[in-house]
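Before any comments, here is the structure.
In the working numbering, the protein residues as written are 8 to 184.
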């Protein structure tokens with residue numbers, strides 16, 4: 008399933024006329040779109056197996072909400088635009104070289120976020136930026152404190168009375184036991 012359309016990709020190039028004598032055909036643009044959509048689906052299938060295991064990938068994918076579809080459309084569009092800009096560049100359109108690099112950089116940044124990879128392509132231990140969007144049970148970062156204990160709080164006061172510790176960290180707070 009592709010997430011974007013030929014019209015949306017062609018719209019990223021204001022001076023480009025679809026199916027014109029100069030430039031690639033709509034069929035080639037659709038091929039670029041399908042290629043990138045396949046990469047996106049591969050990331051989704053690998054990263055979110057637990058989320059779709061009970062439904063199956065196609066049913067899970069068919070139930071995507073607007074936010075999910077908008078994000079995937081953007082990734083798909085930028086990936087296809089990067090490939091289309093390379094075609095323009097090889098046709099001798101010098102301005103397309105800069106645009107191709109911009110689209111390619113944006114595509115890699117977005118797909119790395121979806122794939123939980125850093126800019127060097129290495130896995131991020133904390134997960135991807137879009138994990139919770141596609142799997143509500145995904146681990147997410149939170150600004151709330153994650154540790155409930157205090158330093159020395161696992162020790163009974165009688166066991167550590169000779170250590171001349173203070174109660175700065177609520178070490179002797181009886182509510183902890």
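Note that the Cβ used here is the ideal one computed from N, Cα and C, for glycine as well.
Proximity to residue i [Cα-Cα], best of the options
i, options, result
"residue 49", "94, 145, 8", "8"
"residue 138", "93, 78, 19", "78"
Burial state of residue i, where buried means 16 or more other Cβ atoms lie within 10 Å
i, result
"residue 76", "exposed"
"residue 149", "exposed"
"residue 117", "buried"
"residue 11", "buried"
"residue 119", "buried"
"residue 17", "buried"
"residue 26", "exposed"
"residue 53", "exposed"
"residue 194", "One cannot answer for residue 194 here, as it falls past the ends of the chain, which runs 8 to 184."
"residue 101", "exposed"
Euclidean distance between Cα positions of residue i and residue j
i, j, result
"residue 44", "residue 33", "16 Å"
"residue 142", "residue 63", "14 Å"
"residue 80", "residue 115", "14 Å"
"residue 133", "residue 146", "8 Å"
Spatial neighbours of residue i in its chain, beta-carbon cut-off 6 Å, leaving aside the 5 residues before and after
i, result
"residue 15", "84"
Cβ-based neighbour list, residue i, same chain, cut-off 8 Å, excluding 5 preceding and 5 following
i, result
"residue 13", "25, 33, 36, 37, 40"
Contact belief for residue i with residue j at Cβ below 8 Å, rounded distance in angstroms
i, j, result
"residue 96", "residue 104", "5 Å"
"residue 82", "residue 121", "7 Å"
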